[in-house]
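Peer 1: So the sequence lines, in the order shown, correspond to chains A and B. Each residue of the first sequence is one higher than the last, beginning at 10 in the working numbering. Each residue of the second sequence is one higher than the last, beginning at 10 in the working numbering. Virtual Cβ for every residue (Gly too), placed ideally from N, Cα, C.
2 protein chains.
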Amino acid sequence: EIPDATVARLPEYLRTLSRLAEDGVPSVSSEELAAAVGVRSAQLRKDLSHLGSYGVRGVGYDVETLALEISRALGLTEDWPVAIVGMGNLGHALASYSGFVTKGFRIVALFDDDPALVGERVVDIAIRPLAELDDKHAVDPISIGVIATPAQAAQAVCDRLVGAGISSILNFAPAVLSVPAGVDVRRVDLSTELQILAFHAQRKALA
Amino acid sequence: EIPDATVARLPEYLRTLSRLAEDGVPSVSSEELAAAVGVRSAQLRKDLSHLGSYGVRGVGYDVETLALEISRALGLTEDWPVAIVGMGNLGHALASYSGFVTKGFRIVALFDDDPALVGERVVDIAIRPLAELDDKHAVDPISIGVIATPAQAAQAVCDRLVGAGISSILNFAPAVLSVPAGVDVRRVDLSTELQILAFHAQRKALA
Ligand SMILES: NC(=O)c1ccc[n+]([C@@H]2O[C@H](COP(=O)([O-])OP(=O)(O)OC[C@H]3O[C@@H](n4cnc5c(N)ncnc54)[C@H](O)[C@@H]3O)[C@@H](O)[C@H]2O)c1
Ligand SMILES: NC(=O)c1ccc[n+]([C@@H]2O[C@H](COP(=O)([O-])OP(=O)(O)OC[C@H]3O[C@@H](n4cnc5c(N)ncnc54)[C@H](O)[C@@H]3O)[C@@H](O)[C@H]2O)c1
Chain A
10 EIPDATVARL PEYLRTLSRL AEDGVPSVSS EELAAAVGVR SAQLRKDLSH
60 LGSYGVRGVG YDVETLALEI SRALGLTEDW PVAIVGMGNL GHALASYSGF
110 VTKGFRIVAL FDDDPALVGE RVVDIAIRPL AELDDKHAVD PISIGVIATP
160 AQAAQAVCDR LVGAGISSIL NFAPAVLSVP AGVDVRRVDL STELQILAFH
210 AQRKALA
Chain B
10 EIPDATVARL PEYLRTLSRL AEDGVPSVSS EELAAAVGVR SAQLRKDLSH
60 LGSYGVRGVG YDVETLALEI SRALGLTEDW PVAIVGMGNL GHALASYSGF
110 VTKGFRIVAL FDDDPALVGE RVVDIAIRPL AELDDKHAVD PISIGVIATP
160 AQAAQAVCDR LVGAGISSIL NFAPAVLSVP AGVDVRRVDL STELQILAFH
210 AQRKALA
């Protein structure tokens with residue numbers, strides 16, 4: 010059983026490893042990889058031991074091998090079809106973000122209830138009304154639903170996604186969603202990052 | 010010295026406490042608060058002890074008091090003027106996100122180099138060319154810069170912000186920024202959340 014805190018760090022390790030691989034770096038020490046992500050090297054070794062990944066004393070980890078082991082543990086070697094509901098400003102930014110495609114997340118459907126948006130093509134996919142979710146899911150099954158609607162629409166949209174059989178949801182709307190057991194919801198709040206910056210800025214000012 | 014991992018969890022505790030306060034709940038046990046955030050209660054007690062916040066055995070924590078202690082530790086009782094550079098899809102979504110204002114982050118300036126966007130008003134602030142950064146910062150000092158430009162413009166924009174004296178940067182562009190010592194950069198990668206969802210979805214499928 011891999012602890013949640015470890016799972017949350019794996020994408021960070023992978024991002025650093027991908028950069029090293031792009032730069033042609035063959036191996037990396039646990040100290041170096043830990044420093045790049047901002048954890049202690051003992052924590053990194055403990056995290057990676059959950060995957061059965063061990064470095065070689067004095068040499069460290071092989072970059073390509075470790076990146077593949079983490080990708081496999083995260084399920085990134087598979088195909089993850091994603092649907093975005095709510096194609097306003099945020100939906101448009103998410104649909105065209107290159108960072109999704111490079112990790113195996115394939116945008117397959119875009120939904121919005123605004124008739125003025127229906128039919129518009131973004132990343133070569135036509136925006137459809139949410140009423141067409143079941144038809145689309147039947148043809149090209151959706152693994153992950155992303156909610157980028159206003160808060161008051163979020164629960165109803167979530168119910169539609171869960172009703173269609175989608176059990177992984179990424180929610181951007183500032184609303185707490187209630188879901189049945191077996192459905193995973195992750196909530197993104199970009200103000201969290203600003204709060205961490207504020208913490209460090211305040212400490213700098215006080216120092 | 011508060012560990013980074015603790016700092017990263019404080020906004021989560023605060024979000025749950027704010028919800029409890031809205032619902033008029035007077036106190037919360039460490040088990041209950043820990044479960045809402047997804048950590049063990051021993052970890053929560055350890056995190057809060059760094060702030061000098063202790064619960065009362067058998068009663069737990071006072072919701073209002075703990076929320077204020079965390080807000081103060083994060084510096085949220087102060088005013089944090091924020092500037093956004095890059096007013097495309099993401100910039101528009103960030104500028105109008107209500108989740109910033111409620112935590113004390115005040116959007117004071119919006120910049121974009123596209124002449125077609127300059128002059129447009131978003132949340133009643135006019136988009137200005139980045140060349141006007143120094144004038145704006147002199148009149149209404151900016152604490153945090155948010156970069157929502159394409160990757161290839163990100164380093165140059167970062168240099169402009171740092172050159173103006175801004176030492177806290179939130180970067181959305183998929184580019185690694187190099188900054189002088191004393192400048193904090195936090196990077197947001199929304200694919201991280203999708204990877205964590207993929208991890209849990211894969212385990213459900215294998216179970
Ligand atoms: N969590 C964060 O950090 C963060 C950051 C920015 C924005 N947001 C949130 O993301 C959401 C979207 O923000 P935005 O700036 O893109 O808003 P927006 O108004 O530009 O877009 C919302 C879109 O949702 C559509 N919509 C509304 N109800 C719908 C329904 N029932 N079914 C399908 N589509 C529906 C609208 O037609 C619109 O196109 C908001 O809730 C905002 O608060 C969150
Ligand atoms: N990190 C994440 O999770 C995430 C998610 C979505 C998008 N993004 C990234 O955010 C960025 C913005 O995405 P978008 O969809 O809003 O793109 P966009 O093309 O809609 O907007 C980019 C804006 O930046 C402006 N710009 C370009 N160069 C500039 C400069 N030198 N100075 C000032 N403004 C400049 C453009 O005029 C444009 O308005 C992209 O880099 C994208 O990859 C990141």
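1. Could you check the C-alpha separation between His-59 (chain A) and Ile-205 (chain B) for me, to the nearest Å?
2. Using DSSP with H/G/I as helix, E/B as strand and the rest coil, what is Ala-118 (chain B)?
3. Check whether the Cβ atoms of Phe-114 (chain B) and Val-94 (chain B) lie closer than 9 Å to each other.
4. Tell me where the alpha helix (DSSP H) around Asp-88 (chain A) begins and ends.
5. Within 9 Å of any Cβ in chain A, is that where the Cβ of Ser-177 (chain B) sits?
6. Let me see if you follow: with CB-CB separation under 9 Å, is Thr-158 (chain B) close to chain A or not?
7. Is the beta carbon of Ile-136 (chain A) closer than 9 Å to that of Val-155 (chain A)?
8. Considering only the beta carbon of each residue, do Ala-104 (chain A) and Val-148 (chain A) sit closer than 9 Å?
9. Report back the beta-carbon spacing between Pro-183 (chain B) and Ser-107 (chain A) to the nearest angstrom; my notes put them in contact at under 8 Å.
10. Under 8 Å: does the beta carbon of Met-96 (chain A) sit that close to some heavy atom of ligand 2?
11. If you measure between the beta carbons of Leu-186 (chain A) and Val-194 (chain A), is that distance less than 9 Å?
12. What does Phe-114 (chain A) touch in chain B if you count any residue whose Cβ is under 9 Å from its own?
13. Are there any heavy atoms of ligand 1 lying less than 8 Å away from the beta-carbon of Pro-20 (chain B), as far as the coordinates show?
14. Thinking C-beta only, is Leu-19 (chain A) closer than 9 Å to Ile-79 (chain A)?
15. Please state whether DSSP places Ala-184 (chain A) in a helix, a strand or coil.
16. Please confirm whether any heavy atom of ligand 3 lies closer than 8 Å to the CB of Ser-177 (chain B).
17. For Lys-24 (chain A), is the classification buried or exposed, using 16 other Cβ atoms within 10 angstroms of its Cβ as the cut-off for buried?
18. Going by DSSP, what residue range makes up the alpha helix (DSSP H) through Ala-135 (chain B)?
19. Looking at the secondary structure, which residues open and close the alpha helix (DSSP H) in which Asp-13 (chain B) lies?
20. Name the chain A residues whose beta carbon is nearer than 8 Å to that of Val-197 (chain B)?
21. Between the C-alpha atoms of Glu-10 (chain B) and Ala-160 (chain A), what's the straight-line distance to the nearest angstrom?
22. Quick one: does Pro-183 (chain B) have its CB under 9 Å from some CB of chain A?
23. Could you tell me the distance, in whole angstroms, from the CA atom of Ala-214 (chain B) to the CA atom of Gly-64 (chain B)?
24. Per DSSP, which residues does Val-65 (chain A) bridge with? Please list them.
25. Nearest chain B C-beta to Glu-40 (chain A) closer than 9 Å, yes or no?
26. Taking C-alpha atoms, which residue in B:Val-188, B:Gln-52 and B:Pro-35 lies nearest to Ala-43 (chain B)?
27. For the putative contact between Ser-39 (chain A) and Arg-28 (chain A), defined by C-beta atoms under 8 Å, what is the C-beta separation to the nearest angstrom?
28. Any idea which residues DSSP pairs Val-46 (chain B) with across the strands?
29. Give the interface partners of Tyr-63 (chain B) over in chain A, defined as CB-CB distance under 9 Å, in chain order.
30. Just the chain A side, please: which residues come within less than 8 Å of Leu-60 (chain B) by C-beta, in chain order?
31. Ser-105 (chain B) CB to nearest chain A CB: under 9 Å?
Peer 2: Taking the structure as given:
1. As a working note, residue 59 (chain A) is residue 50 in the first sequence. As a working note, residue 205 (chain B) is residue 196 in the second sequence. His-59 (chain A) and Ile-205 (chain B): Cα-Cα distance of roughly 16 Å.
2. Position 109 of the second sequence holds residue 118 (chain B). Correct three-state label for Ala-118 (chain B): strand.
3. Taking the first residue of the second sequence as 1, we reach residue 114 (chain B) at position 105. Taking the first residue of the second sequence as 1, we reach residue 94 (chain B) at position 85. No, they are not a contact pair.
4. Against the first sequence, residue 88 (chain A) aligns to sequence position 79. First-last for Asp-88 (chain A): undefined, no H or E at that position.
5. If you number the second sequence from 1, residue 177 (chain B) lands on position 168. So, interface residue.
6. For the purposes of this step, residue 158 (chain B) is taken as residue 149 along the second sequence, with counting starting at 1. For Thr-158 (chain B), the answer is no, since every Cβ of chain A falls outside 9 Å of its Cβ.
7. Numbered from 1 along the first sequence, position 146 holds the residue referred to as residue 155 (chain A). Numbered from 1 along the first sequence, position 127 holds the residue referred to as residue 136 (chain A). No, the pair does not count as a contact, with Cβ atoms beyond the cut-off.
8. In the first sequence, counting from the first residue as 1, residue 104 (chain A) sits at position 95. In the first sequence, counting from the first residue as 1, residue 148 (chain A) sits at position 139. Not in contact: Ala-104 (chain A) and Val-148 (chain A) (Cβ atoms no closer than 9 Å).
9. Taking the second sequence and counting its residues from 1, one reaches residue 183 (chain B) at position 174. Taking the first sequence and counting its residues from 1, one reaches residue 107 (chain A) at position 98. Confirmed, about 6 Å.
10. As a working mapping, residue 96 (chain A) is identified with position 87 in the first sequence. No, since every heavy atom of ligand 2 falls outside the 8 Å radius drawn around the Cβ of Met-96 (chain A).
11. Locating residue 186 (chain A) in the first sequence gives position 177, where the first residue counts as 1. Locating residue 194 (chain A) in the first sequence gives position 185, where the first residue counts as 1. Contact flag set, yes.
12. Numbered from its first residue, the first sequence carries residue 114 (chain A) at position 105. Within chain B, the residues near Phe-114 (chain A) are Ser-200, Leu-203, Gln-204 and Ala-207.
13. Here residue 20 (chain B) corresponds to residue number 11 of the second sequence, with the count starting at 1. No; taking the cut-off as 8 Å, the Cβ of Pro-20 (chain B) has no heavy atom of ligand 1 nearer than that.
14. Sequence index remark: in the first sequence, residue 79 (chain A) carries index 70 (1-based). Sequence index remark: in the first sequence, residue 19 (chain A) carries index 10 (1-based). The answer is yes: Cβ separation under 9 Å.
15. In the first sequence, counting from the first residue as 1, residue 184 (chain A) sits at position 175. Coil.
16. Absence of ligand 3 is noted for the structure shown, with ligand 1 and ligand 2 being the only ligands found.
17. Reading the first sequence from its first residue, position 15 is the one you call residue 24 (chain A). It is Arg, not Lys, that sits at residue 24 (chain A) in the sequence shown. Result: buried.
18. As a working mapping, residue 135 (chain B) is identified with position 126 in the second sequence. Counting along the chain, Ala-135 (chain B) falls outside any alpha helix (DSSP H), though it belongs to the beta strand (DSSP E) covering 134 to 137.
19. Position 4 of the second sequence, counting from 1, holds the residue named residue 13 (chain B). Unbroken alpha helix (DSSP H) run through Asp-13 (chain B): 13 to 31.
20. Against the second sequence, residue 197 (chain B) aligns to sequence position 188. Residues of chain A passing the Cβ test: Leu-199 and Glu-202.
21. Here residue 10 (chain B) refers to the residue found at position 1 when the second sequence is read from its first residue. Here residue 160 (chain A) refers to the residue found at position 151 when the first sequence is read from its first residue. Answer to the nearest angstrom: the Cα atoms are 37 Å apart.
22. Residue 183 (chain B) sits at position 174 when you count from the first residue of the second sequence. By this cut-off, Pro-183 (chain B) is an interface position.
23. Walking along the second sequence from the start, residue 214 (chain B) turns up at place 205. Walking along the second sequence from the start, residue 64 (chain B) turns up at place 55. Whole-angstrom Cα-Cα distance: 40 Å.
24. Counting from 1 along the first sequence, the entry for residue 65 (chain A) is found at position 56. Val-65 (chain A) is bridged to A:Gly-69.
25. Numbered from its first residue, the first sequence carries residue 40 (chain A) at position 31. Cβ-Cβ to chain B under 9 Å: no for Glu-40 (chain A).
26. As a position in the second sequence, residue 43 (chain B) is number 34, starting the count at 1. Closest option to Ala-43 (chain B), Cα to Cα, is B:Gln-52.
27. The sequence position of residue 39 (chain A) within the first sequence is 30, counting from 1. The sequence position of residue 28 (chain A) within the first sequence is 19, counting from 1. With 8 Å as the limit, Ser-39 (chain A) and Arg-28 (chain A) do not qualify as a contact, their Cβ atoms being about 17 Å apart.
28. As a position in the second sequence, residue 46 (chain B) is number 37, starting the count at 1. None; Val-46 (chain B) has no bridge partner.
29. In the second sequence, residue 63 (chain B) corresponds to position 54, counting from 1. Near Tyr-63 (chain B) there are no residues of chain A at all, since even the closest Cβ is about 21 Å away, more than 9 Å.
30. Numbered from 1 along the second sequence, position 51 holds the residue referred to as residue 60 (chain B). Near Leu-60 (chain B) there are no residues of chain A at all, since even the closest Cβ is about 11 Å away, more than 8 Å.
31. Locating residue 105 (chain B) in the second sequence gives position 96, counting from the first residue. It does; some Cβ of chain A falls within 9 Å.
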